[in-house]
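Read the structure below first, then the notes.
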Amino acid sequence: MIIIGGGIIGMLTARELHNAGVDVLVIERGPLGGESSWAGGGIISPLYPWRYSRSVNRLAEISKTIYPGLAQQLQHESGVDCELITSGLLFTDLKERQQAESWAREWSVDLQVITDAHRLHEIEPQVSTAIDCGLWLPDIMQIRNPKLVKAMKGSFDALGIKYFEHTPVQELVIEAGVIKGVKTDAGIYTADKVVIASGAWSAGFIKGEKNVEVEPVKGQMIMFRGEHGLIKRMVLSSGHYIIPRKDGRVLAGSTLERTGFDKTITDDATVELRRAAVEIIPALADMEIERQWAGLRPGTEQGIPYICSHPEIDGLYINAGHYRNGVVLGAASARLMAEMVLGQDPSINPAPYALDAAH
Ligand SMILES: Cc1cc2nc3c(=O)[nH]c(=O)nc-3n(C[C@H](O)[C@H](O)[C@H](O)COP(=O)(O)OP(=O)(O)OC[C@H]3O[C@@H](n4cnc5c(N)ncnc54)[C@H](O)[C@@H]3O)c2cc1C
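Residue 384 in this note's numbering sits at position 181 of the sequence shown, with consecutive numbering throughout.
As C-alpha cells, this is what we get:
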C-alpha cells in the first residue's frame with residue numbers, strides 16, 4: 204500500500220502498518236518530515252485542551268500513553284534521542300479555571316490551581332513577577348520535532364520501510380471507483396490501498412463533492428539561543444508559548460496566519476513573538492534570536508482530523524487535518540488508521556473522524 208506524504212502522520216501510519224505486516228511505501232514530495240512536522244513545537248498536549256471536543260481529547264490522551272514507549276523504540280531503532288521530556292505546562296492565568304478543572308476530572312489529568320505567587324515561581328522561577336497565579340499541569344511532555352522526524356527516518360531504514368523522497372504525487376489513479384495507485388513524475392505506482400497523509404496539501408487529490416476540507420495555516424516560531432538549565436517549564440500565556448529544549452534553547456511561538464501556501468518569515472512576527480516571550484520570561488530580553496521559521500499547519504475548523512476511508516472510492520483512506528495538534532494526536536491517529544486499513548474493529552469510535560463529520 205502507498206502513503207502520500209512523509210510528515211509525522213504519514214510516517215507514524217507507515218510504521219504502524221509495517222509492524223502489522225503490511226508492505227508499505229511512503230511517497231514524499233520533499234525530504235521526509237521537512238514540512239509542518241519539522242516546524243512544530245512538539246507539545247504533547249493541545250494548547251487549552253478544554254476548548255477542544257472530546258474526539259480531539261480522546262486521541263490526545265491515547266497518544267500520551269504511546270509516546271514514552273515510542274520514543275524509546277525509535278531511539279533503539281535509529282540511535283536518535285527525540286528528547287521526549289516531561290517539562291510540564293504552566294498556564295499563566297485562571298480565566299478558564301472551571302472548564303480546565305472539569306476537563307482534568309473527565310480525563311484524569313493532574314491539574315493544580317496555583318493562587319500563591321511564591322509557589323508559582325517555585326514551579327518556574329524565570330516567569331515574570333507580574334504573573335502571580337495560574338494552572339499547572341506537571342505531566343505534560345514535549346518532544347523535539349526535528350529529532351523526532353530524524354528518528355522516524357532512521358527507524359524506516361532500520362526496519363526496511365520503503366520510501367521515496369523528492370517524488371511528488373501528481374494524482375490518484377482511480378478506475379471505476381476503485382483506487383489503483385498513484386501517478387508521479389517517475390511513473391505510476393500501483394497499490395490496492397492508498398492513504399492521503401499530505402498535511403496542508405491533502406485537499407488537492409480528490410475531485411468531486413466528497414473531499415477533505417483542509418487549508419494551510421502558517422505558524423511562525425522564533426528560537427532563542429538560551430542558556431542551559433535556565434528555563435525548565437513550558438509556559439502558555441494568552442496564546443503565546445515558551446518551550447525550553449533540553450540543550451537550553453528556547454522556542455517561542457507562534458503566529459496563526461491564513462496566507463495560503465506561503466512560508467515567508469516576517470519582521471512583524473519576530474517583533475510580536477519576541478515581545479510576548481519577554482513578557483512571560485523577562486530573561487529572554489538578553490538572549491539572541493538564533494533562528495526563525497514557518498510551517499504550514501493542516502488547518503481544519505475545529506481541529507478534528509479526518510481519519511477515515513473514502514465512502515465512494517474503494518481502497519482510499521485519509522489521515523489528515525490535525526491542525527495545531529498533529530504531534531499529540533498523531534500516534535493515536537496512526538493507530539486508528541491502521542485498524543481501519545487492516546479491517547479490524549476500531550478501538551475507539553471512528554464516527555467523529557469520518558469524511559462527512561464536522562471537522
Ligand atoms: C509553528 C507550529 C507549531 C506547532 N506546534 C505543535 C505542538 O506543539 N504540538 C502538536 O501536536 N502539533 C503542533 N503543530 C502542528 C503539527 O506540527 C502538525 O499538525 C503536523 O506536523 C501535521 O503533520 P502532517 O504529517 O499531517 O503534515 P506535514 O508535516 O506537513 O506533512 C505532510 C507531507 O506531505 C507532503 N506532500 C504534500 N503534497 C504531496 C504530494 N503531492 N506528493 C507527495 N508528498 C506530498 C509534504 O511535502 C509533507 O512533507 C505545530 C505546527 C506549527 C507550524
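The beta carbon of each residue, even a glycine, is placed where N, CA and C say it ideally should be.
Discussion item. Just to confirm the assignment, what range does the alpha helix (DSSP H) spanning Ala-263 have?
Written reply: Its alpha helix (DSSP H) spans residues 257-281.
Discussion item. Below 8 Å on the Cβ atoms is my contact criterion, and I expect Val-385 with Val-397 to pass it. Report the Cβ-Cβ distance as a whole number of Å.
Written reply: A Cβ-Cβ separation of about 6 Å places Val-385 in contact with Val-397 under the 8 Å criterion.
Fill in: Of the residues Leu-293, Ile-343, Asn-260, the one placed nearest Pro-271, counting alpha carbons only
Among Leu-293, Ile-343, Asn-260, the Cα nearest to that of Pro-271 is on Ile-343.
Discussion item. When you measure from the CB of Glu-378 to every non-hydrogen atom of ligand 1, does any distance come out below 6 Å?
Written reply: Not so, every heavy atom of ligand 1 lies at least 6 Å from the Cβ.
Worksheet item: Can you find a C-beta in chain D that's less than 7 Å from the C-beta of Ala-480?
Response: Within the model displayed, chain D is absent; a lone protein chain is all it includes.
Discussion item. Which same chain residues end up closer than 7 Å to Glu-515 when comparing Cβ atoms and leaving out the 5 residues on each side of it in sequence?
Written reply: The residues are Gly-380, Lys-413.
Worksheet item: How long is the line joining the alpha carbons of Lys-365 and Trp-404, rounded to whole angstroms?
Response: Roughly 22 Å between the two C-alpha positions.
Fill in: Boundaries of the beta strand (DSSP E) in which His-321 is found, first to last residue
It is not in any beta strand (DSSP E) - His-321 instead sits in the alpha helix (DSSP H) that spans 320-326.
Worksheet item: Is Trp-310 near ligand 1, judged by its Cβ being under 6 Å from some heavy atom?
Response: Outside the cutoff, so no.
Discussion item. Let me check understanding here. Comparing Cα to Cα, which of Gly-210, Met-424, Ser-256 lies closest to Arg-494?
Written reply: Of the listed residues, the one whose Cα sits closest to Arg-494 is Met-424.
Practice prompt. Report whether the distance from the Cβ of Gly-233 to the nearest heavy atom of ligand 1 is below 6 Å.
Written response: Correct: Gly-233 has its Cβ closer than 6 Å to ligand 1.
Practice prompt. Output yes or no for whether 7 Å exceeds the beta carbon distance between Ala-320 and Asp-296.
Written response: Against a cut-off of 7 Å, the Cβ pair of Asp-296 and Ala-320 comes out as no contact.
Practice prompt. Give me whichever residues DSSP pairs with Tyr-509 in a beta bridge.
Written response: When DSSP reads this structure, Tyr-509 sits in a beta bridge with Ala-523.
Discussion item. Check whether the region 493-510 and the region 236-249 are in contact - that is, three or more C-beta pairs closer than 8 Å.
Written reply: A contact exists between the region 493-510 and the region 236-249.
Worksheet item: Does the beta carbon of His-200 fall short of 6 Å from some heavy atom of ligand 1?
Response: Nothing in the structure corresponds to residue 200, since the chain is present only between 204 and 562.
Practice prompt. Write down the C-beta distance between Arg-322 and Arg-448 rounded to the nearest angstrom, noting that I regard them as a contact closer than 8 Å.
Written response: With a Cβ gap of about 25 Å, Arg-322 and Arg-448 do not count as contacting.
Discussion item. Tell me the rounded alpha-carbon separation between Tyr-255 and Glu-304.
Written reply: Tyr-255 and Glu-304 have their C-alpha atoms spaced approximately 14 Å apart.
Item to complete: Going by CA-CA distance only, name the one from Leu-277, Gly-529, Pro-252, Ala-535 that's closest to Lys-350.
Response: Per the C-alpha coordinates, the member of Leu-277, Gly-529, Pro-252, Ala-535 positioned closest to Lys-350 is Leu-277.
Worksheet entry | Contact belief for Leu-292 with Met-437 at Cβ below 8 Å, rounded distance in angstroms | So it is a contact: roughly 5 Å between Cβ atoms.
Worksheet item: With a CB to CB cut of under 6 Å and the five nearest residues on each side skipped, what residues in its chain are close to Phe-464?
Response: Closer than 6 Å at the Cβ level, and outside the excluded window around Phe-464, lie Pro-419.
Worksheet item: Where does Lys-353 land, buried or exposed, given buried means 16+ other C-beta within 10 angstroms?
Response: So Lys-353 ends up on the buried side.
Discussion item. Is Ala-242 close to ligand 1? I mean its beta-carbon at under 6 Å from any heavy atom of the ligand.
Written reply: Indeed, a heavy atom of ligand 1 lies less than 6 Å from the Cβ.
Fill in: Arg-436 (DSSP reduced to helix, strand or coil)
The three-state secondary structure of Arg-436, taken from DSSP, is coil.
Worksheet item: With DSSP run on the structure shown, which of helix, strand or coil describes Arg-428?
Response: In the three-state scheme derived from DSSP, where H, G and I count as helix and E and B as strand, Arg-428 is classed as coil.
Worksheet item: Are the Cβ atoms of Gly-524 and Val-417 separated by less than 7 Å?
Response: Taking 7 Å as the Cβ cut-off, Gly-524 and Val-417 qualify as a contacting pair.
Discussion item. Quick check on this structure: which residue in Ser-512, Leu-250, Glu-430 has the alpha carbon closest to the alpha carbon of Arg-452?
Written reply: Selection Ser-512, Leu-250, Glu-430 evaluated against Arg-452 yields Glu-430 as nearest (Cα-Cα).
Worksheet item: Less than 7 Å separating the beta-carbons of Ile-510 and Asn-528?
Response: No, these two residues do not count as a Cβ contact at 7 Å.
Fill in: First and last residue of the uninterrupted alpha helix (DSSP H) at Gln-301
Counting along the chain, the alpha helix (DSSP H) containing Gln-301 begins and ends at 300-310.
Item to complete: Flag this pair as yes or no: are the beta carbons of Pro-485 and Ser-331 separated by less than 7 Å?
Response: Contact: yes.
Item to complete: Starting from the C-beta of Leu-262, find all residues in its chain whose C-beta is less than 7 Å away, skip the five residues before and the five after it, and write them out in chain order.
Response: Closer than 7 Å at Cβ, skipping near neighbours: Leu-532, Ala-535, Ser-536.
Discussion item. By the DSSP assignment, the beta strand (DSSP E) with Trp-496 in it spans what residues?
Written reply: Taken as a continuous stretch (DSSP letters only), the beta strand (DSSP E) holding Trp-496 covers 492-502.
Worksheet item: If we call anything under 7 Å between Cβ atoms a contact, is Ala-400 one with Gly-213?
Response: In this structure, Gly-213 lies closer than 7 Å to Ala-400 by Cβ.
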